[in-house]
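Under this note's numbering, think of the first position of the sequence shown as 10, with each following residue one higher. Don't be surprised by glycine CBs; every beta carbon is placed ideally from N, CA and C. Every value quoted in this text rests on a predicted model; they were computed, and no experiment measured them. Since the structure comes first, as structure tokens, the remarks are kept for the end.
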Amino acid sequence: MKLAFLRTGNEKGVNRHILSLLDYFKSKGVEVREFELNQEDIQRTINDILEFSPTFLMDINSTGMIVGQQEQKKVPMCDAFGFVHVSIFTDDPLLYFPILLEVREANNFLPVVCDLKYVDSLKLLGINKGIFYITPFVDQRYMKQSKGEKDIQIIFVGPVVDPQIIANQVAEILPQYAVPLFFEVGEFMFRNPEVPAFVASEYILSMFQQSIQEQIEQWKREKPEEYLRFLNDVSIYATFRKRWYILSFLEGINLKILGDFQGELMEGHEVLQTSSYEDFLEAFDRSYMAVLSFPFNLPSGIGFTPLEVGFMGCAPVIDYRMTLPGFLTPGTECITYLPLDRADIEEKVLYYLDHLDEALSIGQALRNKVLEKFSPDDRGEFLLNVFEQIIQQAGKNS
Numbered sequence: 010m011k012l013a014f015l016r017t018g019n020e021k022g023v024n025r026h027i028l029s030l031l032d033y034f035k036s037k038g039v040e041v042r043e044f045e046l047n048q049e050d051i052q053r054t055i056n057d058i059l060e061f062s063p064t065f066l067m068d069i070n071s072t073g074m075i076v077g078q079q080e081q082k083k084v085p086m087c088d089a090f091g092f093v094h095v096s097i098f099t100d101d102p103l104l105y106f107p108i109l110l111e112v113r114e115a116n117n118f119l120p121v122v123c124d125l126k127y128v129d130s131l132k133l134l135g136i137n138k139g140i141f142y143i144t145p146f147v148d149q150r151y152m153k154q155s156k157g158e159k160d161i162q163i164i165f166v167g168p169v170v171d172p173q174i175i176a177n178q179v180a181e182i183l184p185q186y187a188v189p190l191f192f193e194v195g196e197f198m199f200r201n202p203e204v205p206a207f208v209a210s211e212y213i214l215s216m217f218q219q220s221i222q223e224q225i226e227q228w229k230r231e232k233p234e235e236y237l238r239f240l241n242d243v244s245i246y247a248t249f250r251k252r253w254y255i256l257s258f259l260e261g262i263n264l265k266i267l268g269d270f271q272g273e274l275m276e277g278h279e280v281l282q283t284s285s286y287e288d289f290l291e292a293f294d295r296s297y298m299a300v301l302s303f304p305f306n307l308p309s310g311i312g313f314t315p316l317e318v319g320f321m322g323c324a325p326v327i328d329y330r331m332t333l334p335g336f337l338t339p340g341t342e343c344i345t346y347l348p349l350d351r352a353d354i355e356e357k358v359l360y361y362l363d364h365l366d367e368a369l370s371i372g373q374a375l376r377n378k379v380l381e382k383f384s385p386d387d388r389g390e391f392l393l394n395v396f397e398q399i400i401q402q403a404g405k406n407s
């Protein structure tokens, strides 16, 4: 079995853990070769891959999908040359809709999602078959060794942007008749944190006047890419709306904000400057607790960041969702809060600030859980079994 991995520059941050799958495949006898996607000379990259003649080509978030022209029809490279293109989606596929709309009819496309709800996004884009799921994981080789010294009580994991900044930017580019829908959908998602954008949009649109509904439906038919961009923008707006709201409850607390920050700092808050992902890991290592707020493009799974927080022995303070106990035990391996309940957020944060030893214990329990249950080997074994089944099935059909 041969597997080509196409590097596109998307292997940074939490996505770097996906690279550990390549090492697992190599350890099991798979011939793995990595290629750089050269945007200035894509044909050379294609030629190099074809010379290698892989059975599978893998990338992250479909950023390495190459589409060619054949008899006035766009054809994915995987279909044209008979290999299977495997995309590991660590983000919502909706964020990558331009290329996915071009390959929705592909026969040899194998999406692998790291959140079960990403399947809904793929179906929205017209991709309905051959979808597999793996849970996020952490590879120790891409992490820092803990120094074991805590000197920060609590951090808030960004990025954080004043939602009004997002609103102003989006209002300038949207058709005027779509602006009210944007804000209504954004507020509905804010109040219902587990509802994805396309479900919220359809529900809210049904409450608008018939004439506006007809305008929106026409817009969706004539400019579907604009509508999909609208869904992504409203998810981003709702994410920052939720984060800004939570920060407002923590005003006056000595809080370090980790990552990009745009807006006016609240009392007691300070931005920790970061220039690399190593800075994030160092901050997790130094902190007793890290407040996280799930982005709307991570609808149901645990995500990679909370696992990294736990690996560094830091207790994640995370918004509760119905699926969370399937991954982590609240109160033992994580601290949970109800995202719209001010009293709950304040009470949890203030309690653990007064009981840092308990927060430390939770961080250590999660570290043990990550080491035991969230390693790449199980995911690599599962994918290798999928690949072998595909090869066997192809042999039967040939």
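What ranges does the alpha helix (DSSP H) occupy inside the segment 185-249, keeping only unbroken runs of at least 4 residues that lie completely in it? 188-200, 206-214 and 219-231
Would you mind stating whether residue 292 and residue 325 have Cβ atoms separated by less than 7 Å? Here residue 292 refers to the residue found at position 283 when the sequence shown is read from its first residue. Here residue 325 refers to the residue found at position 316 when the sequence shown is read from its first residue. Their beta carbons are not under 7 Å apart, which means residue 292 does not touch residue 325 by this criterion.
Kindly list the residues whose CB is nearer than 8 Å to the CB of residue 317, restricted to its own chain and excluding five residues on each side of it in sequence; keep chain order. On the sequence shown, position 308 is the one that residue 317 refers to. Contacts found: 23, 147, 152, 289, 290 and 293.
What's the gap between the Cα of residue 143 and the Cα of residue 302? Within the sequence shown, numbered from 1, the residue matching residue 143 stands at position 134. Within the sequence shown, numbered from 1, the residue matching residue 302 stands at position 293. Distance between the alpha carbons of residue 143 and residue 302: 22 Å.
When we look at the beta-carbon of residue 230 and count the other beta-carbons within 10 Å, is it buried (16 or more) or exposed? If you number the sequence shown from 1, residue 230 lands on position 221. Classification for residue 230: exposed.
Check whether the segment 164-171 and the segment 253-266 touch, using three or more Cβ-Cβ pairs below 8 Å as the test. yes
I'd like to confirm the pairing. Which residues does DSSP put opposite residue 339 in its beta bridges? One-based indexing of the sequence shown puts residue 339 at position 330. Residue 339 is bridged to 343.
In terms of residues, what are the limits of the alpha helix (DSSP H) holding residue 290? Position 281 of the sequence shown, counted from the first residue, corresponds to residue 290. Counting along the chain, the alpha helix (DSSP H) containing residue 290 begins and ends at 286-295.
Leaving out the 5 sequence neighbours to the left and right, which residues in its chain are closer than 7 Å to residue 31 when beta-carbon positions are compared? For the purposes of this step, residue 31 is taken as the residue at position 22 of the sequence shown. Excluding positions up to five away in sequence, the list reads 14 and 41.
Going by the CB atoms, is the gap between residue 160 and residue 117 shorter than 7 Å? If you number the sequence shown from 1, residue 117 lands on position 108. If you number the sequence shown from 1, residue 160 lands on position 151. Going by C-beta atoms, residue 117 is not nearer than 7 Å to residue 160.
Residue 225: which of 28, 191, 133 and 246 sits nearest, CA to CA? Along the sequence shown, one-based indexing puts residue 225 at 216. Closest option to residue 225, Cα to Cα, is 191.
At which residues does the beta strand (DSSP E) containing residue 77 begin and terminate? Taking the sequence shown and counting its residues from 1, one reaches residue 77 at position 68. DSSP places residue 77 in the uninterrupted beta strand (DSSP E) bounded by 76-79.
In this structure, what does DSSP give as the bridge partners for residue 271? Residue 271 sits at position 262 when you count from the first residue of the sequence shown. Partner(s): 170.
Could you check whether the segment 87-104 touches the segment 125-132, counting it as contact only if at least three pairs of C-beta atoms, one from each stretch, sit closer than 8 Å? yes
Between the segment 274-283 and the segment 208-224, are three or more C-beta pairs nearer than 8 Å? In this structure the segment 274-283 does not lie against the segment 208-224, because fewer than three pairs of beta carbons, one per stretch, are closer than 8 Å.
Quick check on the burial criterion: 16 or more other C-beta atoms within 10 angstroms. Buried or exposed for residue 124? Here the question's residue 124 lines up with position 115 in the sequence shown. It is buried - the Cβ of residue 124 has at least 16 other Cβ atoms within 10 Å.
CB of residue 54 within 7 Å of CB of residue 19, strictly: The residue you call residue 54 lines up with position 45 of the sequence shown. The residue you call residue 19 lines up with position 10 of the sequence shown. Between residue 54 and residue 19, the gap from beta carbon to beta carbon reaches 7 Å or more.
DSSP puts residue 119 in a beta bridge; with which residues? The residue labelled residue 119 in the question sits at position 110 within the sequence shown. Answer by DSSP bridge pairing, in chain order: 95.
So, helix, strand or coil for residue 90, using DSSP? For the purposes of this step, residue 90 is taken as the residue at position 81 of the sequence shown. In this structure, residue 90 counts as helix in the three-state DSSP scheme.
Buried or exposed: residue 26, going by 16 or more other Cβ atoms within 10 Å of its Cβ? Translated into positions along the sequence shown, residue 26 becomes position 17. A residue is called buried when at least 16 other Cβ atoms come within 10 angstroms of its Cβ; residue 26 meets this threshold and is buried.
For residue 251, which of helix, strand or coil comes out of DSSP? The residue you call residue 251 lines up with position 242 of the sequence shown. Helix.
Terminal residues of the continuous alpha helix (DSSP H) containing residue 376? The sequence position of residue 376 within the sequence shown is 367, counting from 1. 365-382 is the extent of the alpha helix (DSSP H) around residue 376.
Cα-Cα separation, residue 392 to residue 373: By 1-based counting over the sequence shown, the position of residue 392 is 383. By 1-based counting over the sequence shown, the position of residue 373 is 364. Between residue 392 and residue 373, the C-alpha separation is close to 30 Å.
Helix, strand or coil, according to DSSP, for residue 163 in the structure here? Within the sequence shown, numbered from 1, the residue matching residue 163 stands at position 154. Three-state result, residue 163: strand.
Closer than 6 Å by C-beta to residue 279: which residues in its own chain qualify, once you throw out the five before and the five after it? Chain order, please. Against the sequence shown, residue 279 aligns to sequence position 270. Correct list, in chain order: 265.
Rounding to the nearest angstrom, what Cα-Cα distance links residue 354 and residue 250 in this structure? To locate residue 354, count along the sequence shown from 1; it is residue 345. To locate residue 250, count along the sequence shown from 1; it is residue 241. Their backbone Cα atoms lie some 16 Å apart in a straight line.
Cβ contact check for the segment 363-378 and the segment 331-343: 3 or more pairs under 8 Å: yes
Stretch pair the segment 326-334 + the segment 393-402: three plus CB contacts closer than 8 Å: no
Less than 7 Å between the C-beta atoms of residue 287 and residue 275, yes or no? In the sequence shown, counting from the first residue as 1, residue 287 sits at position 278. In the sequence shown, counting from the first residue as 1, residue 275 sits at position 266. No, the pair does not count as a contact, with Cβ atoms beyond the cut-off.
In whole angstroms, what separates the C-alpha of residue 172 from that of residue 400? The residue given as residue 172 occupies position 163 in the sequence shown. The residue given as residue 400 occupies position 391 in the sequence shown. Straight-line Cα distance between these residues: approximately 48 Å.
Compare the C-alpha of residue 59 against each of 91, 112 and 212 and name the closest. For the purposes of this step, residue 59 is taken as the residue at position 50 of the sequence shown. Residue 59 has its Cα closest to that of 91, out of 91, 112 and 212.
So residue 12 and residue 44 are supposed to be a Cβ contact under 8 Å. How far apart are they, rounded? Position 3 of the sequence shown, counted from the first residue, corresponds to residue 12. Position 35 of the sequence shown, counted from the first residue, corresponds to residue 44. Residue 12 to residue 44, Cβ: 11 Å. No contact.
Residue 53 lies in the alpha helix (DSSP H); which residues open and close that run? Walking along the sequence shown from the start, residue 53 turns up at place 44. That run of the alpha helix (DSSP H) goes 51-61.
Buried or exposed, going by whether 16 or more other CB atoms sit within 10 Å of the CB of residue 180? Start at 1 with the first residue of the sequence shown, and residue 180 comes out as number 171. Counting Cβ neighbours within 10 Å, residue 180 comes out exposed, since fewer than 16 surround it.
Taking all protein chains shown into account, do 16 or more other C-beta atoms lie within 10 angstroms of the C-beta of residue 195, making it buried, or fewer, making it exposed? In the sequence shown, counting from the first residue as 1, residue 195 sits at position 186. It counts as buried.
Give a yes or no on whether the C-beta atoms belonging to residue 379 and residue 310 are separated by under 7 Å. The residue labelled residue 379 in the question sits at position 370 within the sequence shown. The residue labelled residue 310 in the question sits at position 301 within the sequence shown. Judged by beta-carbon spacing, residue 310 lies beyond the 7 Å limit of residue 379, meaning their Cβ atoms are not closer than that value.
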